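Heads up, the thing below is written out as structure tokens.
Protein chains: 2
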Amino acid sequence: MDKILVTGGLGFIGSHTVVELQEAGYEVVIIDDLSNSSEKVLDGITAITGKTPIFEKIDLKEKTDVEAFFKKHNNVKGVIHFAASKAVGESVNEPLLYYENNIGTLVYLLKELKKLPEASFIFSSSCTVYGQADELPITESAPVKQAESPYGNTKQIGEEIIRDTCKVVPTLKAIALRYFNPIGAHASTEIGELPIGVPQNLVPFITQTAIGIREQLSVFGDDYPTPDGTCIRDYIHVVDLAKAHVVALERLLSNKNKAAYETFNLGTGKGSSVLEVVNAFERVSGEKLNYKIVGRREGDIISAYADTNKAKNELGWETKLSLDDAMLSAWKWEQKVRGK
Amino acid sequence: MDKILVTGGLGFIGSHTVVELQEAGYEVVIIDDLSNSSEKVLDGITAITGKTPIFEKIDLKEKTDVEAFFKKHNNVKGVIHFAASKAVGESVNEPLLYYENNIGTLVYLLKELKKLPEASFIFSSSCTVYGQADELPITESAPVKQAESPYGNTKQIGEEIIRDTCKVVPTLKAIALRYFNPIGAHASTEIGELPIGVPQNLVPFITQTAIGIREQLSVFGDDYPTPDGTCIRDYIHVVDLAKAHVVALERLLSNKNKAAYETFNLGTGKGSSVLEVVNAFERVSGEKLNYKIVGRREGDIISAYADTNKAKNELGWETKLSLDDAMLSAWKWEQKVRGK
Numbered sequence: 001m002d003k004i005l006v007t008g009g010l011g012f013i014g015s016h017t018v019v020e021l022q023e024a025g026y027e028v029v030i031i032d033d034l035s036n037s038s039e040k041v042l043d044g045i046t047a048i049t050g051k052t053p054i055f056e057k058i059d060l061k062e063k064t065d066v067e068a069f070f071k072k073h074n075n076v077k078g079v080i081h082f083a084a085s086k087a088v089g090e091s092v093n094e095p096l097l098y099y100e101n102n103i104g105t106l107v108y109l110l111k112e113l114k115k116l117p118e119a120s121f122i123f124s125s126s127c128t129v130y131g132q133a134d135e136l137p138i139t140e141s142a143p144v145k146q147a148e149s150p151y152g153n154t155k156q157i158g159e160e161i162i163r164d165t166c167k168v169v170p171t172l173k174a175i176a177l178r179y180f181n182p183i184g185a186h187a188s189t190e191i192g193e194l195p196i197g198v199p200q201n202l203v204p205f206i207t208q209t210a211i212g213i214r215e216q217l218s219v220f221g222d223d224y225p226t227p228d229g230t231c232i233r234d235y236i237h238v239v240d241l242a243k244a245h246v247v248a249l250e251r252l253l254s255n256k257n258k259a260a261y262e263t264f265n266l267g268t269g270k271g272s273s274v275l276e277v278v279n280a281f282e283r284v285s286g287e288k289l290n291y292k293i294v295g296r297r298e299g300d301i302i303s304a305y306a307d308t309n310k311a312k313n314e315l316g317w318e319t320k321l322s323l324d325d326a327m328l329s330a331w332k333w334e335q336k337v338r339g340k
Numbered sequence: 001m002d003k004i005l006v007t008g009g010l011g012f013i014g015s016h017t018v019v020e021l022q023e024a025g026y027e028v029v030i031i032d033d034l035s036n037s038s039e040k041v042l043d044g045i046t047a048i049t050g051k052t053p054i055f056e057k058i059d060l061k062e063k064t065d066v067e068a069f070f071k072k073h074n075n076v077k078g079v080i081h082f083a084a085s086k087a088v089g090e091s092v093n094e095p096l097l098y099y100e101n102n103i104g105t106l107v108y109l110l111k112e113l114k115k116l117p118e119a120s121f122i123f124s125s126s127c128t129v130y131g132q133a134d135e136l137p138i139t140e141s142a143p144v145k146q147a148e149s150p151y152g153n154t155k156q157i158g159e160e161i162i163r164d165t166c167k168v169v170p171t172l173k174a175i176a177l178r179y180f181n182p183i184g185a186h187a188s189t190e191i192g193e194l195p196i197g198v199p200q201n202l203v204p205f206i207t208q209t210a211i212g213i214r215e216q217l218s219v220f221g222d223d224y225p226t227p228d229g230t231c232i233r234d235y236i237h238v239v240d241l242a243k244a245h246v247v248a249l250e251r252l253l254s255n256k257n258k259a260a261y262e263t264f265n266l267g268t269g270k271g272s273s274v275l276e277v278v279n280a281f282e283r284v285s286g287e288k289l290n291y292k293i294v295g296r297r298e299g300d301i302i303s304a305y306a307d308t309n310k311a312k313n314e315l316g317w318e319t320k321l322s323l324d325d326a327m328l329s330a331w332k333w334e335q336k337v338r339g340k
């Protein structure tokens, strides 16, 4: 079976994708620099799949290490590139870190892939490229907006670099997957999200509050022009998201792609407000969540959810798990991590 | 006098700027990798100014060499960053080369500048960021258009990286100078443009044709909606352009800048058509140019020229030399280079 490199394969989405790849029979090699993950995630992957992926601790910023990796693993057929810095707020304060981590490393990887006889490349992009879209749901042809943060900008630039490269490298095919809001954990509770420090995202903040690590969840604004006044996002179960990567990879490896470079939204197609997510959590967990409505947070867009038709029609993929499934798995994971 | 680092200081615009900096009394250190320039340019600079700048042959893609440079020259007060790949056509065929050369190196430089107690940074940007502007002349507030080439994209991205960095690094101030079309050579004929291979730009192609190296100049399209049907650009004498860098640097060093990051157009404000440039050449040289009208070239915009008011009002700078001055100097330089 084909050997697939997964960069950032010990991270949240990366680890779930490694599980799905191994279950589909692929041989997986993980590169991770452990800057925002732990080697223990390998144990979780092994517990679920019965197989330990190859793991190489490499910092993709070190060009010579990347070159050496591809000399050693010269039969890699595809790369799923998760490794990147991903905190919007941090990116504002440390822009150079983001441009180096997210752009420099992508260029090094693509330079190596260019040398291979054939290569399939999947890129972790984000719905952040759309900003506040003029029309909802958001289709892949919606205009890319001026990025609000260096993080968002690196996703836009990353897509442009891949697009420009695919135009002139006939042996390279790529898909950029624009994630909406990934949440949840593997049903086995062997792997899940492991935020370092204060969580940047809603769901880990909810579960950490419920378990007693955070005192209170702040809900930023209830006066937005939405049904309940809170912001709306498209929360997608990470296991659904992970499966989409396998489908996208299969599309490239079997030459079913219609162009050398394609983009797909990965979302449920359904928007949920912050309060709906809180309610779902309370419903599935039986816990009462301590939250408080506070003022709006700068830079938050009002509403974003995916038009999922392209992924359905072209990839033959759609989400199967519900918001309740995701909240329950996130809660079980939080309890397991905290030994409760 | 302050020590100024000029990257790409042996290139076309770089070398002319080094001359102006030395004549203004600055101590200049040049970094150049000689990939598109020659060490002999140092002789030309010395002949004009009576002073040889310090020269370090460094490839800015080598992060450790950049770090070592700043350890050695720890009293650099300002950086003028010319070093970059600049051929639009090549960038389409070799996008990764452009993203690495033009973006990666910029990030390394800024990371070093962040460590200095204070730093002034001048960035070589381009009118290409405007694409085909909706209004002429083009002001600095005209919207930046989706780039037509990886080269153009690296200039846009470069500006964004600097903007994002200046927002959070209070010791760093920067100006992006958006060049229109630099032409001509130093009046001394000691330095000038030295294109490698077939010239990508109009004026060196004209002078090489006149001197007998190229058979014929192709004028791409005479059916554009312009007075004579050929494309219009804003050709600026490289000596005027070089002087603008000294003025911009002075603005930053003396804290006259109004924001941490600013952009300025550098142009004459006057558009000239391809045929007007050909006519100017014939007029000042007394030579008849062999040229032929051929079909339009893909990707050429119709017309672009600068609104120069911001540079006039804020920098107190405007061009002094004419199109004829520039064409005559370019012709004298071509004759000297060819030993005629």
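If you read the protein sequences in the order shown, they are chains A and B.
For the first sequence, the UniProt record's numbering begins at 1 and goes up steadily by one.
For the second sequence, the UniProt record's numbering begins at 1 and goes up steadily by one.
Idealized CB from N, CA, C, for every residue including glycine.
These figures come from a predicted structure and were not determined experimentally.
How is the alpha helix (DSSP H) around residue i delimited, first residue to last?
i, result
"H245 (chain A)", "238-253"
"G158 (chain B)", "150-168"
"A280 (chain A)", "274-285"
"I31 (chain A)", "No alpha helix (DSSP H) contains I31 (chain A), which is instead part of the beta strand (DSSP E) from 27-32."
"L328 (chain A)", "323-337"
"V19 (chain A)", "12-23"
Expressed to the nearest angstrom, what Euclidean distance is found between the alpha-carbon atoms of residue i and residue j?
i, j, result
"D228 (chain A)", "T207 (chain A)", "22 Å"
"V88 (chain B)", "S329 (chain A)", "51 Å"
"L136 (chain A)", "V76 (chain A)", "39 Å"
"L116 (chain A)", "M1 (chain B)", "52 Å"
"A311 (chain B)", "A187 (chain B)", "24 Å"
"V337 (chain A)", "F121 (chain B)", "48 Å"
"N181 (chain A)", "I191 (chain A)", "18 Å"
"G197 (chain B)", "N93 (chain B)", "16 Å"
"K3 (chain B)", "H73 (chain B)", "9 Å"
"A133 (chain B)", "K256 (chain B)", "30 Å"
"L109 (chain B)", "K167 (chain B)", "17 Å"
"W331 (chain B)", "E20 (chain B)", "21 Å"
"D234 (chain B)", "E23 (chain B)", "27 Å"
"I183 (chain A)", "T226 (chain B)", "56 Å"
"S35 (chain A)", "K111 (chain B)", "20 Å"
"E276 (chain B)", "N313 (chain B)", "29 Å"
Go through its chain and collect everything with a Cβ distance to residue i's Cβ below 7 Å, but skip five positions before and after it.
i, result
"E287 (chain A)", "A210"
"Y98 (chain B)", "S85, S91, P150, Y151, T154"
"S218 (chain A)", "K292, V294"
"V107 (chain B)", "I161"
"T319 (chain B)", "I236, H237, D240, T268"
"K145 (chain A)", "Y130, G131"
"V41 (chain A)", "L10, S15, I191"
"G25 (chain B)", "M1"
"E148 (chain B)", "G131, G299"
"residue 390 (chain A)", "With chain A running from 1 to 340 in the structure shown, residue 390 (chain A) is simply not present."
"L113 (chain A)", "V79, A119, F121, L172"
Starting from the C-beta of residue i, find all residues in its chain whose C-beta is less than 8 Å away, skip the five residues before and the five after it, and write them out in chain order.
i, result
"C231 (chain A)", "F220, G221, Y224, S273, V274, D300, I301, I302, S303"
"S126 (chain B)", "G152, K155, R178, Y179"
"S285 (chain A)", "A210, M327, L328, W331"
Is the beta carbon of residue i less than 7 Å from the beta carbon of residue j?
i, j, result
"V239 (chain A)", "W317 (chain A)", "no"
"F69 (chain A)", "T7 (chain A)", "no"
"D43 (chain B)", "G9 (chain B)", "no"
"N279 (chain B)", "Q216 (chain B)", "no"
"N265 (chain B)", "A306 (chain B)", "yes"
"L96 (chain A)", "T64 (chain B)", "no"
"T105 (chain B)", "K57 (chain B)", "no"
"F55 (chain A)", "I30 (chain A)", "yes"
"W333 (chain B)", "T128 (chain B)", "no"
"A260 (chain A)", "K340 (chain A)", "no"
Taking the beta strand (DSSP E) that residue i falls in, what are its first and last residues?
i, result
"K3 (chain A)", "3-7"
"K256 (chain A)", "It is not in any beta strand (DSSP E) - K256 (chain A) carries neither H nor E in the DSSP assignment."
"G78 (chain A)", "76-81"
So residue i contacts chain D; which residues on that side make the cut at Cβ distance below 9 Å?
i, result
"P117 (chain A)", "Reference to chain D is not applicable here, since the protein chains of this structure are A and B."
Excluding the 5 residues preceding and the 5 following residue i in the sequence, name in chain order all residues of the same chain whose CB lies nearer than 6 Å to its CB.
i, result
"V18 (chain B)", "V6, G9, V28, I45, P53"
"A176 (chain A)", "F123, S125, E159, T263"
**OP:** Count the CB pairs spanning the segment 133-142 of chain B and the segment 141-154 of chain A that are closer than 8 Å, and state whether there are at least three.
**Re:** no
Original post:
For the 8 Å Cβ check, are there 3 or more pairs between the segment 159-170 of chain B and the segment 291-304 of chain B?
Top reply: no
Original post:
Can you find at least 3 beta carbon pairs, one from the segment 245-263 of chain A and one from the segment 199-206 of chain A, that sit closer than 8 Å?
Top reply: no
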